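**Student:** Structure provided below as structure tokens; questions to follow.
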Amino acid sequence: MNVTGFSANDVKFMKLAIRLCKQGAGYTEPNPLVGAVVVKDDRIVSTGFHRMYGGQHAEREALMDIDARGATLYVPLEPCSHYGKQPPCADFVIEKKIARVVVAAQDPCPLVNGKGIQRLRQHGIQVDTGCLEEMYRFVNRHYFKYAGIEKPYVTVRAGVSADGRLTDRHRNSRWMTDRQLRLMSHSFRGEFSAIMAGVSTILEDDPYLTIRQDWQGKFLYRVVLDSNNRMPDTLNIFRDQDVSPLIIFSSKNAADKKKKSSHHYFISPALDPECGGLDLEEVLVVLGKLGIASVLVEGGGALIDSFLRQRLFDEIILFTADKLVGGRDSVQLLSTGVVLSEAVELENRQIIPLDSGYVVRAVKARHPGGS
Ligand SMILES: NC(=O)c1ccc[n+]([C@@H]2O[C@H](COP(=O)([O-])OP(=O)(O)OC[C@H]3O[C@@H](n4cnc5c(N)ncnc54)[C@H](OP(=O)(O)O)[C@@H]3O)[C@@H](O)[C@H]2O)c1
Numbered sequence: 000m001n002v003t004g005f006s007a008n009d010v011k012f013m014k015l016a017i018r019l020c021k022q023g024a025g026y027t028e029p030n031p032l033v034g035a036v037v038v039k040d041d042r043i044v045s046t047g048f049h050r051m052y053g054g055q056h057a058e059r060e061a062l063m064d065i066d067a068r069g070a071t072l073y074v075p076l077e078p079c080s081h082y083g084k085q086p087p088c089a090d091f092v093i094e095k096k097i098a099r100v101v102v103a104a105q106d107p108c109p110l111v112n113g114k115g116i117q118r119l120r121q122h123g124i125q126v127d128t129g130c131l132e133e134m135y136r137f138v139n140r141h142y143f144k145y146a147g148i149e150k151p152y153v154t155v156r157a158g159v160s161a162d163g164r165l166t167d168r169h170r171n172s173r174w175m176t177d178r179q180l181r182l183m184s185h186s187f188r189g190e191f192s193a194i195m196a197g198v199s200t201i202l203e204d205d206p207y208l209t210i211r212q213d214w215q216g217k218f219l220y221r222v223v224l225d226s227n228n229r230m231p232d233t234l235n236i237f238r239d240q241d242v243s244p245l246i247i248f249s250s251k252n253a254a255d256k257k258k259k260s261s262h263h264y265f266i267s268p269a270l271d272p273e274c275g276g277l278d279l280e281e282v283l284v285v286l287g288k289l290g291i292a293s294v295l296v297e298g299g300g301a302l303i304d305s306f307l308r309q310r311l312f313d314e315i316i317l318f319t320a321d322k323l324v325g326g327r328d329s330v331q332l333l334s335t336g337v338v339l340s341e342a343v344e345l346e347n348r349q350i351i352p353l354d355s356g357y358v359v360r361a362v363k364a365r366h367p368g369g370s
């Protein structure tokens, strides 16, 4: 059955399940965002969502205290079939005598990957898959990348002038964007498992890279790429490591091999000497092994340039101020650049207008050139 085979009520209840799942955003990784809606005689009898990593799954929360015999369960991700931090949801759905399960997408996690659906069907439950699958894959895009290849979803973020400068010609970026844009930019941080910056940004701006608002109890890693291990440990980035652990990457060729945090990795330099710095593929593999499913790359220009040129990013968020700055010596968004035939194509663009600028958010095109 595909999306056209679903009734208007199926689509309505699945939309609600997807909306519910978004409430867990920023807290569930590396687990997925999942919501659940239980319906009997076309009426909603219960709902639930996965609130935080290690916590109860959405299906269990929705079904726990109700008589669900003969009901339909709307759950965007296939119920799990294995013991992890929680027992298998498929078994609980069977135990609760649900008659029909409507699913948006199969779980890409190799431990599940169709086994949950199979188990339900083996117990006589009707399972219909593919309801609003594209919508759910987009909402849960961090998970769908991470669960498939165990590397984090990479979002590049920058505050730029209307002509694409991150700083002025004196390398000053402090007031590039106004308070409204900066607050919004901070609030985006909570959606991710880690924030990353190049060492020049850390040395020049001395940022904390922590979350200051809205995201209570949120655990966030901070990542710095410092090939030559030159950060003095008096910088602000070394503070608050109990809630925001610091991960440092340096080159295995660095003269100084002193570890400056409990997560300090000495890795290969970039294969392409034109890119300079460290091998970003290796950085992503290490982060994936730490269970980090998403990274927000906050600059500066050189690091963003490397991610864009090597196409190792998945999404970009530009906080664009209504200002022109110009200047050959200002830090540019894509200073090295690519030829037009290799332009990085974007899709799924969203534009949010604000008082003194706008936010553009778009994902890297899956099939550049429409091929
Ligand atoms: N407007 C904004 O949103 C915004 C955001 C952030 C920063 N900024 C500004 O940007 C300026 C810093 O930008 P920047 O371009 O000079 O430096 P950067 O991107 O912050 O840091 C670049 C440095 O990171 C290290 N690195 C390690 N691996 C790398 C890799 N694979 N690719 C690139 N770099 C790698 C390299 O130093 P080593 O080889 O020594 O390790 C490199 O020189 C600051 O003035 C800051 O204020 C603006």
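Heads up: the sequence shown is residues 0 to 370, going by numbering that gives the first Met the number 0.
The beta carbon of each residue, even a glycine, is placed where N, CA and C say it ideally should be.
Note that the structure is predicted; figures quoted are calculated from it, not measured.
Is residue 293 helix, strand or coil by DSSP?
**Tutor:** Translated into positions along the sequence shown, residue 293 becomes position 294. If DSSP states are grouped into helix, strand and coil, residue 293 belongs with the strands.
**Student:** Kindly examine ligand 1 and report whether one of its heavy atoms sits closer than 7 Å to the Cβ of residue 140.
**Tutor:** Taking the first residue of the sequence shown as 1, we reach residue 140 at position 141. No, the Cβ of residue 140 stays beyond 7 Å of every heavy atom of ligand 1.
**Student:** Going by C-alpha to C-alpha distance, which of 275, 58, 244 sits closest to residue 260?
**Tutor:** In the sequence shown, residue 260 corresponds to position 261, counting from 1. Checked all of 275, 58, 244; the closest Cα to residue 260 is 244.
**Student:** From what residue to what residue does the alpha helix (DSSP H) around residue 179 run?
**Tutor:** Walking along the sequence shown from the start, residue 179 turns up at place 180. 178-188 is the span of the alpha helix (DSSP H), which, as asked, contains residue 179.
**Student:** Please classify residue 283: does DSSP put it in a helix, a strand, or coil?
**Tutor:** As a first step, residue 283 must be located in the sequence shown, where it is residue number 284. Helix at residue 283.
**Student:** Can you look up residue 315 in the DSSP assignment and give me helix, strand or coil?
**Tutor:** Taking the sequence shown and counting its residues from 1, the one referred to as residue 315 is at position 316. The answer is strand: DSSP assigns residue 315 an E or B state.
**Student:** Tell me whether residue 95 is buried or exposed, calling it buried when 16 or more other Cβ atoms sit within 10 Å of its Cβ.
**Tutor:** Position 96 of the sequence shown, counted from the first residue, corresponds to residue 95. Residue 95 should be labelled buried.
**Student:** Output the distance between the C-alpha atoms of residue 26 and residue 293, rounded to the nearest integer angstrom.
**Tutor:** Within the sequence shown, numbered from 1, the residue matching residue 26 stands at position 27. Within the sequence shown, numbered from 1, the residue matching residue 293 stands at position 294. The alpha-carbon atoms of residue 26 and residue 293 are separated by roughly 12 Å.
**Student:** Starting from residue 135, trace the alpha helix (DSSP H) in both directions and tell me its first and last residue.
**Tutor:** For the purposes of this step, residue 135 is taken as the residue at position 136 of the sequence shown. First-last of the alpha helix (DSSP H) with residue 135: 132-138.
**Student:** Could you check what DSSP says for residue 263 in three-state terms: helix, strand or coil?
**Tutor:** Within the sequence shown, the letter at position 264 stands for residue 263. Note: residue 263 maps to strand in three-state DSSP.
**Student:** Could you work out which residue in 18, 98, 150 is closest to residue 34 when comparing CA atoms only?
**Tutor:** Taking the sequence shown and counting its residues from 1, one reaches residue 34 at position 35. Residue 18 is the option with its Cα nearest to residue 34.
**Student:** Touching or not, the stretch 76-83 and the stretch 104-121, by the rule of three or more beta carbon pairs under 8 Å?
**Tutor:** Yes: at least three Cβ pairs fall under 8 Å.
**Student:** Verify the contact flag: residue 298, CB atom, against every heavy atom of ligand 1, threshold strictly below 7 Å.
**Tutor:** What you label residue 298 is simply residue 299 of the sequence shown in a count that begins at 1. Under cutoff, so the answer is yes.
**Student:** In angstroms with no decimal places, state the Cα-to-Cα distance between residue 335 and residue 276.
**Tutor:** By 1-based counting over the sequence shown, the position of residue 335 is 336. By 1-based counting over the sequence shown, the position of residue 276 is 277. Cα to Cα, the separation comes out at about 14 Å.
**Student:** Which of the three DSSP states, helix, strand or coil, is assigned to residue 237?
**Tutor:** By 1-based counting over the sequence shown, the position of residue 237 is 238. Here residue 237 sits in helix by DSSP.
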